[in-house]
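Read through the structure below, which is laid out as structure tokens, and then see the notes.
Residue numbers (our numbering): 23 to 317.
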């Protein structure tokens, strides 16, 4: 037996206001000067010296910035050292320096961010994906940000705010999550959300991006690749009332299912919906396919 729900029904008008507010925040984050729409490059580093700049003769040719920005050396042990070219005008974490050790996103500790190298309206930092390192390059003047067409949605439908049963798992349950760049991550799954729709029972497996964080679902359904983005949509849900370690209830509001960054840019490294989370169901709620997508 699952625990009885202590989640009160929500007034439809209040629900619509909540979803609209969520949408407004989502668009603000997406269109921020350093949001996902600002991406202009995903440049993989080779071991040794990588000459960086906008001129054609560089090892990594940037779409913005000085002709010769500098040389980023990737050591065999993964260490990163940047030597900036004279008069590059670039800063490292806001400071004018000649050389600096860079910290990638995997090795930035605590609340620290990866080291950011900024030049004009553009910047980059280093990401680590399965041992491979790349520059994530952003520009607040990117065409994708400047020419953003907005987001299309299914109508808000309170019936898609689902109160699901939360079935807790013991430790050791894992799920393989592929990505658009071909990597496969094994993530720990704390439980499953079980719900009914159209007389059928469906299950979704989430993971937590950080300990104690919200449940994160990477999902697909029968609208994927047609009305919605084919690779996946994302959905967050608050933890069950008693935490993830016990059975309970969890709200899945599919009105807040949204497109991954890869729906808007070719320079992201998004996860793909695993087979376990591809539902034989048309989820006609949340964000639709981005009409400005060229990939």
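Glycine is no exception: its CB is placed at the ideal position from the N, C-alpha and C atoms.
Ranking 43, 168, 161 by CA distance to the CA of residue 277 puts 43 first. Nearest in C-alpha terms to residue 95, of all of 69, 109, 80, is 69. Listed as beta-bridge partners of residue 201 by DSSP are 293.
Taking the Cα of residue 284 as reference, the smallest distance to any Cα among 301, 315, 151 is reached at 315. A Cβ-Cβ distance of about 12 Å is found for the pair residue 260 and residue 186, leaving them out of contact under the 8 Å criterion.
Where residue 37 is concerned, the enclosing alpha helix (DSSP H) starts and stops at 34–53.
Classified as buried, residue 63 has 16 or more neighbouring CB atoms from the shown chains inside 10 Å of its CB.
In the structure shown, the three-state DSSP call for residue 281 is coil.
Taking 3 residues as the minimum length, the beta strand (DSSP E) runs contained wholly in the region 107–186 are 121–123, 139–141, 144–151, 154–161, in order along the chain.
Taken through DSSP and simplified to helix, strand or coil, residue 315 comes out as coil. Within the region 204–232, the complete beta strand (DSSP E) segments of 3 residues or longer fall at 206–210, 213–219, 222–226, listed in chain order. Straight through space, the alpha carbons of residue 273 and residue 113 are spaced by roughly 45 Å. When DSSP states are grouped into helix, strand and coil, residue 298 belongs to the helix group. DSSP places residue 92 in the uninterrupted beta strand (DSSP E) bounded by 92–96. The beta carbon of residue 237 sits closer than 6 Å to the beta carbons of 228, 259 from its chain, once the five residues preceding and following it are set aside; these are given in chain order. Taken atom to atom, the span from the alpha-carbon of residue 129 to that of residue 136 is near 8 Å. In this structure, residue 178 lies near residue 38, with their beta-carbon atoms less than 8 Å apart.
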